[in-house]
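A.B. asks: My numbering puts the sequence shown at residues 22 to 366.
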Amino acid sequence: MHRASLRTRILAGFAAFFLLAISAGTAWAVATDHQSREIMPGGTVIQSIDVSGMTRAEAARAIERQIVTPLTAPVSIIHESQEFELPAAEMISVDVDGMIAEAFAPKANATLPLRVYHDVADTEPGVTVTARLTVDPERLTGWVRQVAAQVERPAADATMSVTNRELETLPSRRGVVVDIEKTTDALAEALELGVKRLDLPVDYIDPEVTEDDLGTVILVRRMDRKLFLYERGSIAKEYSVAIGTPGHPTPRGEWEITLKRYMPSWGNPGSAWAADMPAYIPPGPGNPLGTRALNLNAPGIRIHGTSADYSIGTAASHGCVRMHRWDIEELYELVDVGTPVIIID
């Protein structure tokens, strides 16, 4: 039998050794790669969290703790004195698996030799992954609509009304309107940024009449024989007056000044009580209307002066409101045509 030469046997030994080395190296590389494929590459950051060297499970726990939990915590929404809790956990979802898969993608997509090279050379290509967030717009819009129903209100003008025989000012109020689309967008941005307290975005509607617009109002209290001049909701002047007799009472109601008369003349109304009086009395000391008169839209009723000062504080007129000459002259300068006149008991 022919025996191989020494040279052939040596070459065959080297070949066998080489193949064995390759086989062992390949086995080691595969084993090493299998172990490292579940480890985050060095330099890998997921939304500011350094997850280098973590396993998938460890990275997932870190993301849940440092990203998901804060983002899904309730958000306080403030409007004036009201506070609403936005349930962020119902509105936002975080794709943890997707972020981890993105972080592993460079290693997963690399060839085995390249992965082994990076492992041996410690040059793994770490990546930076931003948070994968999704806000449910329909749920968020529904929540905004519920809040809007509680905070929206129409604008209210300042008004004055009689309460306990005094004029009470009902203050004006700005209206509140919630722009559903704009507010939903603002809250969605807050959810994505992790903001946990913010003011509810609203639009305000100004009233047409404020307290400063209320102007001047006259209140006459028949029982007290008093006339009060209100300016911007507060009493500016108080006067003693005479009112109508029980047979000719000063009419209750809400009236207004229709004419201001300087040094008025008097015309006989033709009433029974004026039967013995002249048809006309010119301006002057003997005129029943005094030196000033304020006609009301109540038929035949005026606020006017009188020379019969003794009658002030009594029920003495034929329906008109009498004032001292100096008082009506002062009041005349303080009011305009259109000034409301409210007469109560």
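Cβ atoms here follow ideal geometry from the backbone N, Cα and C, with glycine treated the same way.
#1: Excluding the five sequence neighbours on either side, which residues of its own chain have a C-beta within less than 6 Å of the C-beta of V223, listed in chain order?
#2: So, under 8 Å CB-CB, A124 and I67 are touching, yes? Tell me the CB distance rounded to an integer number of Å.
#3: For A314, does the three-state DSSP call read helix, strand or coil?
#4: In whole angstroms, what separates the C-alpha of P62 from that of I113?
#5: Hey, is G307 close to the ligand HEM, as in C-beta under 8 Å from one of its heavy atoms?
#6: Around the C-beta of V216, are 16 or more other C-beta atoms found within 10 angstroms, so that it is buried, or is it exposed?
#7: Among V156, L315, T90, which one has its Cα closest to the Cα of L208?
#8: Check Q103 in the structure and name its three-state DSSP category.
#9: In terms of alpha-carbon separation, which member of A179, R242, P192 lies closest to N185?
#10: Roughly how many angstroms separate the alpha carbons of G334 and M244, rounded to a whole number?
#11: Using only alpha-carbon positions, find the residue among S261, A336, G265, A293 that is nearest to W347.
#12: Is M177 helix, strand or coil by DSSP?
#13: Going by C-alpha to C-alpha distance, which of V165, C341, S182 sits closest to P108?
#14: Taking only runs that begin and end inside the stretch 195-262, name each unbroken beta strand (DSSP E) of 3 or more residues, in chain order.
#15: What is the DSSP secondary structure of G119, counted as helix, strand or coil?
#16: Of all the options A80, T93, I365, which has the alpha carbon lying nearest to the alpha carbon of E213?
#17: So what does DSSP say about G406, is it helix, strand or coil?
#18: Is the distance from the Cβ of I201 to the Cβ of P272 below 9 Å?
#19: Nearest CA to the CA of L368: which residue from S102, L315, T205?
#20: From this set, V115, Y301, P175, which residue's C-alpha is nearest A152's C-alpha?
#21: Count the C-beta pairs between the stretch 337-355 and the stretch 302-320 that are closer than 8 Å, then say yes if the count reaches three, no if not.
#22: With a cut-off of 8 Å on the beta carbons, I'd call G340 and H269 a contact; round off their distance for me.
#23: DSSP state of I333, grouped into three classes?
#24: Going by the CB atoms, is the gap between S338 and T279 shorter than 9 Å?
#25: Please report the Cβ distance between S328 and P306, rounded to the nearest whole angstrom; I am assuming they are in contact, meaning their Cβ atoms lie under 8 Å.
#26: For M75, does the count of other Cβ atoms within 10 angstroms reach 16, so buried, or fall short, so exposed?
C.D. replies: Short version:
#1: Against the sequence shown, residue 223 aligns to sequence position 202. Closer than 6 Å at Cβ, skipping near neighbours: V197, V199.
#2: If you number the sequence shown from 1, residue 124 lands on position 103. If you number the sequence shown from 1, residue 67 lands on position 46. Rounded to whole angstroms, the Cβ separation of A124 and I67 is 6 Å, and the two are in contact under 8 Å.
#3: Counting from one through the sequence shown, the residue named residue 314 turns up at place 293. Looking at A314 - three-state DSSP - the assignment turns out to be strand.
#4: Against the sequence shown, residue 62 aligns to sequence position 41. Against the sequence shown, residue 113 aligns to sequence position 92. Roughly 29 Å between the two C-alpha positions.
#5: The ligand content of the structure shown is nil, which means the ligand HEM is not present either.
#6: Stepping through the sequence shown from its first residue, residue 216 is reached at position 195. It counts as exposed.
#7: For the purposes of this step, residue 208 is taken as the residue at position 187 of the sequence shown. Per the Cα distances, V156.
#8: Working through the sequence shown from its first residue, we reach residue 103 at position 82. In the three-state DSSP reduction, Q103 falls in the strand class (E or B).
#9: Within the sequence shown, numbered from 1, the residue matching residue 185 stands at position 164. Residue R242 is the option with its Cα nearest to N185.
#10: Here residue 334 corresponds to residue number 313 of the sequence shown, with the count starting at 1. Here residue 244 corresponds to residue number 223 of the sequence shown, with the count starting at 1. So the two alpha carbons sit approximately 10 Å from each other.
#11: As a first step, residue 347 must be located in the sequence shown, where it is residue number 326. Comparing Cα positions, the closest option is S261.
#12: As a position in the sequence shown, residue 177 is number 156, starting the count at 1. Met is not the amino acid found at residue 177; the sequence shown has Ala there. A177 falls in the strand class under three-state DSSP.
#13: Position 87 of the sequence shown, counted from the first residue, corresponds to residue 108. Ranked by Cα distance from P108, the first of V165, C341, S182 is V165.
#14: Fully enclosed beta strand (DSSP E) runs of 3 or longer: 196-198, 218-220, 224-226, 237-242, 247-252, 255-261.
#15: The count along the sequence shown starts at 1 and reaches residue 119 at position 98. In this structure, G119 counts as helix in the three-state DSSP scheme.
#16: Reading the sequence shown from its first residue, position 192 is the one you call residue 213. When only C-alpha atoms are compared, the closest one is T93.
#17: Since the first residue of the chain shown is 22 and the last is 366, residue 406 is not available in this structure.
#18: For this step, residue 201 is matched to residue 180 along the sequence shown. For this step, residue 272 is matched to residue 251 along the sequence shown. It is not a contact, given that the beta carbons lie outside the stated cut-off.
#19: Given a span of 22 to 366 for the chain in the structure shown, any question on residue 368 remains unanswerable.
#20: For the purposes of this step, residue 152 is taken as the residue at position 131 of the sequence shown. Closest option to A152, Cα to Cα, is V115.
#21: When C-beta atoms of the stretch 337-355 are compared with those of the stretch 302-320, three or more pairs fall below 8 Å, so the two segments count as touching.
#22: Here residue 340 corresponds to residue number 319 of the sequence shown, with the count starting at 1. Here residue 269 corresponds to residue number 248 of the sequence shown, with the count starting at 1. Confirmed, Cβ separation roughly 5 Å.
#23: Looking up residue 333 in the sequence shown gives position 312. DSSP places I333 in coil when its eight states are reduced to three.
#24: If you number the sequence shown from 1, residue 279 lands on position 258. If you number the sequence shown from 1, residue 338 lands on position 317. Against a cut-off of 9 Å, the Cβ pair of S338 and T279 comes out as no contact.
#25: Indexing the sequence shown from 1 puts residue 328 at position 307. Indexing the sequence shown from 1 puts residue 306 at position 285. The pair is a contact, with the Cβ atoms about 7 Å apart (cut-off 8 Å).
#26: By 1-based counting over the sequence shown, the position of residue 75 is 54. Counting of Cβ neighbours within 10 angstroms places M75 among the buried residues, the total reaching 16 or more.
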